[in-house]
Every structure is written in C-alpha cells, then in structure tokens.
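Participant:
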Ligand code: DC
C-alpha cells in the first residue's frame, strides 16, 4: 500500500499498543515513523543525568534546551541519542518511566519538542506519528487521526511479565500515568474531536494494523 504525502496521527494512553501498531503501519505504508514519547523520555534522561530537581521547571527547561536530542524515524530500528550517547535502552528503564510525566508536563519542554516534531513531520513525505497530542496539537491537519485505546486490564497485561504482583503494580503505574498525562495543564492526552477511536481490547496486532489500513483507504 503506497500513498502520496500523508501524515497519520496515533494517540492514546500507555500500553494501548501504539508503538508496535504505528511501527508496523509505517512499514506497511513504506513511511517514516516518529515516536514522540521517545523524545520526552530522552529529555527526561537528560534531566535525570543532570541531577535537576523535578520541581525545578527552569532548570529542566535549560537542560532540554541545551541537550541534543536525536530520534530516528526508521520504523525498522528507532535510534535515540542524547548528546551523541545511545539511550535507546536507558529511556525504557524504571527511573525514566517514573519521571517522564513530570518532565513532559513542563510547558516550555513541550514547546521545544513540539517544534522539533513539526519540523520532522514537514520533512517527511509519509509518516506515522505516535504520542498523546499529535492529532490535537502537533499535527491537527493529519490525514488520519486515530485514538488507540484498550481496557486498563488489557494494557497492564501487555506491559507486565508473568506474575500477579507485577501485573498489579503495572496496572497501578498505568493508571497513575494516565491520570498525570490527561490532567496536566498543557496539551493533555485527549481525543481529537475528529479522531477515529479504535479499541484494541481483544484484538491482535495484525487485526489493529489491518483496521488502520482500512480506515486510511476509506478516507
Ligand atoms: O508513549 P510513552 O509511554 O513512551 O510516553 C512517555 C511519556 O511521554 C508519557 O507518560 C507521556 C509523555 N508524552 C507526551 O506527553 N506527549 C507525547 N506526544 C508523547 C508522550
């Protein structure tokens, strides 16, 4: 399936399957792929590395302004670097995950990263962009806006490993991040009025990617 210029925005809460689905859709469309969550995570890694307090918005902003955050757009192997250091693994660790909602709630941080995201989108011919505010703020003119969701139980199951205790703490962590991400003052997670809602509860990856391709061709 090859389309001319096209931007697909995929928003939704943590664990909804956005990353896997967006990457797979980008490959199917021969498009680029932008994981905006990786940019907020890389910014958070830089803040933690600098030892800045999470309540110090000015300090956080300065670190993020000075950091060279590079996020690749190849759906086959996303690259994430901060000042030339490969942080692709570190940004998925518990320290960054615990701090990322606080850093991404700082308005100046969002301004810096949204500007970068818009530039990257403008440079790409076809691109699938995933995040929380893509259809509402970053690219309101996207050709297709999807709000991908799933029940909290299913999202926790996807995120956790085998044990019951792990499942429980993952569900709590997801609920905490959902709350922080959707109640922050600047660009909270919310559904764009013209977004198409896809509830992936009980669906496998192939079914969700198939559904998105179908939505795209019918537009
Ligand atoms: O998609 P993710 O879990 O890797 O995102 C990490 C965090 O970044 C998430 O808790 C909210 C924030 N985020 C955001 O505020 N805006 C985006 N466009 C993408 C992510």
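In the numbering used here, the protein residues as written are 1067 to 1285.
Just so it is clear, CB atoms sit at the ideal spot from N, CA and C, and this is done for glycine as well.
(1) What first and last residue would you give for the beta strand (DSSP E) that runs through residue 1212?
(2) Does the Cβ of residue 1271 have 16 or more other Cβ atoms within 10 Å, making it buried, or fewer, making it exposed?
(3) Would you say the beta carbon of residue 1148 is closer than 7 Å to some non-hydrogen atom of the ligand DC?
(4) Leaving out five residues on either side along the sequence, give the residues of the same chain with a beta carbon under 8 Å from the beta carbon of residue 1228.
(5) Helix, strand or coil for residue 1267, going by three-state DSSP, please let me know.
(6) On the three-state DSSP scale, how would you describe residue 1136?
(7) Tell me which same chain residues have a C-beta within less than 7 Å of the C-beta of residue 1218, skipping the five on either side of it?
(8) Taking residue 1261 as the reference, give the member of 1198, 1225, 1137 with the closest Cα.
Facilitator: For this structure:
(1) Mapped onto the chain shown, residue 1212 falls at position 146. Looking at the DSSP string, the run of the beta strand (DSSP E) that includes residue 1212 is 1210 to 1215.
(2) Position 205 of the chain shown holds residue 1271. Exposed: under 16 other Cβ atoms inside 10 Å.
(3) To locate residue 1148, count along the chain shown from 1; it is residue 82. No, since every heavy atom of the ligand DC falls outside the 7 Å radius drawn around the Cβ of residue 1148.
(4) Sequence index remark: in the chain shown, residue 1228 carries index 162 (1-based). Summary for residue 1228: the model assigns pLDDT 49, below 50, so the residue's position carries little reliability; its value from the coordinates is reported in the next sentence. Hits under 8 Å: none found.
(5) Residue 1267 sits at position 201 when you count from the first residue of the chain shown. The answer is coil: DSSP assigns residue 1267 none of H, G, I, E or B.
(6) Translated into positions along the chain shown, residue 1136 becomes position 70. Judged by DSSP in its simplified three-state form, residue 1136 adopts strand.
(7) The residue you call residue 1218 lines up with position 152 of the chain shown. Within the same chain, residue 1218 has close Cβ partners 1237, 1240, 1241.
(8) As a working mapping, residue 1261 is identified with position 195 in the chain shown. Comparing Cα positions, the closest option is 1198.
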